[in-house]
Structure formats: C-alpha cells, structure tokens
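Just below is one structure, and these are the notes that go with it.
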Amino acid sequence: MIKIICVGKIKESYLIDGCNEYLKRLSAFDKVNLIEVKEVNNYEIRKNIFEEGKNILKEIDKLDYVITLEIEGKELDSIEFSSLITNVYNYKASNICFVIGGSNGLDEEVKKRSDYKLSFSHFTFPHMLMRLILLEQIYRAYTIINHKEYHK
2 MIKIICVGKI
12 KESYLIDGCN
22 EYLKRLSAFD
32 KVNLIEVKEV
42 NNYEIRKNIF
52 EEGKNILKEI
62 DKLDYVITLE
72 IEGKELDSIE
82 FSSLITNVYN
92 YKASNICFVI
102 GGSNGLDEEV
112 KKRSDYKLSF
122 SHFTFPHMLM
132 RLILLEQIYR
142 AYTIINHKEY
152 HK
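Heads up: the sequence shown at position 72 corresponds to 73 in my numbering, and the numbers run straight through without jumps.
Spelled out as structure tokens, the structure:
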C-alpha cells in the first residue's frame, strides 16, 4: 500500500483534477491512501513546522517505510525510482509512506523518522503542485515495474 501524507488541502481545481486522475490510474496497481493534515499558519514559522510535524507523525505507522520529499534528499530518475519502490516492497516493508511537508518545510522529527530522503529537484516547488508531481511519478514507476507502455 502507498500512503501519501500531505500538509494542507488543495484549493485549485486543476490540481485536484490532476491528482484524482493519477489516483484513479494508480488504483489498477495498488491501494493509495492520501492523508491531508492541517496546515498551520501562525506568526511563528518554527511552531507551525513543529505542529505540522506532530500531525504528520501521528499518521505514520511503526512498520511504514517512510520516504520524505526534501530538497536535500537524493535525486533519482524514473527508472531508479521504480527500482526503489520495488526494493522496498521486496525487502523492507509492505507499506510505503511518502511525506510532503508544508510551505515552510518539514520538522526535524519527521526527517529523523524518514527511511529515505528523496529530492525531485534543487528547484523549490509549491507543496500542492508537488502532490501532483509525486502521484504522476508513482504512476510512472508502477507502469515501469509492470511493463506497461507509458514511460518513454
């Protein structure tokens, strides 16, 4: 099972539509559970990150293999990403939990819980758009794993 923990709710309809499309496509391969935790927007950024981190950690199960999306993480191409997913399922865990932090980033405790730090780029992406990008890449990985025509 794939679990994706995200901070905040998407408001833009084009992002909602895109996410729903990839969730539908992914249902042919695996169960995907998308969990949205509350985005905290107070005056103190550190407190916001800390509160969001507590909410994220509540959603992570003890046996989950946690992949956090971090700028400092390792960059992979799509083939390497599909291999990572295969290796986790074959040798490490039956559940993969991806974590996308809020606009201010991830709390250090969430980073410590991470089993793998993944970066999609040195660019900074809006965290709501990152959800769509992650879903597309997970779908691409599953098509690679299952030898389906999509990845070129």
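Just so you know, even glycine gets a beta-carbon here, dropped at the ideal spot from N, CA and C.
No experiment lies behind these values; they were computed from the predicted model shown.
Using alpha carbons as the reference points, say which of Leu85, Arg141 and Lys12 lies closest to Ile68. Leu85
In the DSSP assignment, what residue or residues form a beta bridge with Gly54? In DSSP, Gly54 forms no bridge with anything.
Do you know whose CA, among Asn56, Asn49 and Glu71, lies nearest Phe126's CA? Glu71
In terms of alpha-carbon separation, which member of Lys12, Gly19 and Ser104 lies closest to Gln138? Taking the Cα of Gln138 as reference, the smallest distance to any Cα among Lys12, Gly19 and Ser104 is reached at Gly19.
Please classify Leu85: does DSSP put it in a helix, a strand, or coil? helix
Nearest by alpha-carbon distance to Gly9: which of Ile3, Ile17 and Met2 is it? Ile17
Take Asn159 and list the residues in its own chain whose beta-carbon comes closer than 8 Å to its own, dropping the five residues that flank it on each side. Nothing in the structure corresponds to residue 159, since the chain is present only between 2 and 153.
Looking at C-alpha atoms only, which residue of Ser115, Gly54, Cys98 and Lys63 is the closest neighbour of Gly106? Gly54
Take every Cβ of the segment 139–151, pair it with every Cβ of the segment 114–123, and state whether three or more of those distances are shorter than 8 Å. No contact exists between the segment 139–151 and the segment 114–123.
Can you give me the C-alpha to C-alpha distance between Leu130 and Ser14, rounded to a whole angstrom? 12 Å
What did DSSP end up calling Lys75 once you bin it into helix, strand or coil? strand
Look up Glu40 in the DSSP assignment and say whether it is helix, strand or coil. The answer is coil: DSSP assigns Glu40 none of H, G, I, E or B.
Proximity of Phe99 and Leu135 at Cβ, strictly below 8 Å: yes
Contact defined as beta carbons within less than 8 Å: I believe Asp116 pairs with Tyr66. What is the distance between those atoms, to the nearest angstrom? 5 Å
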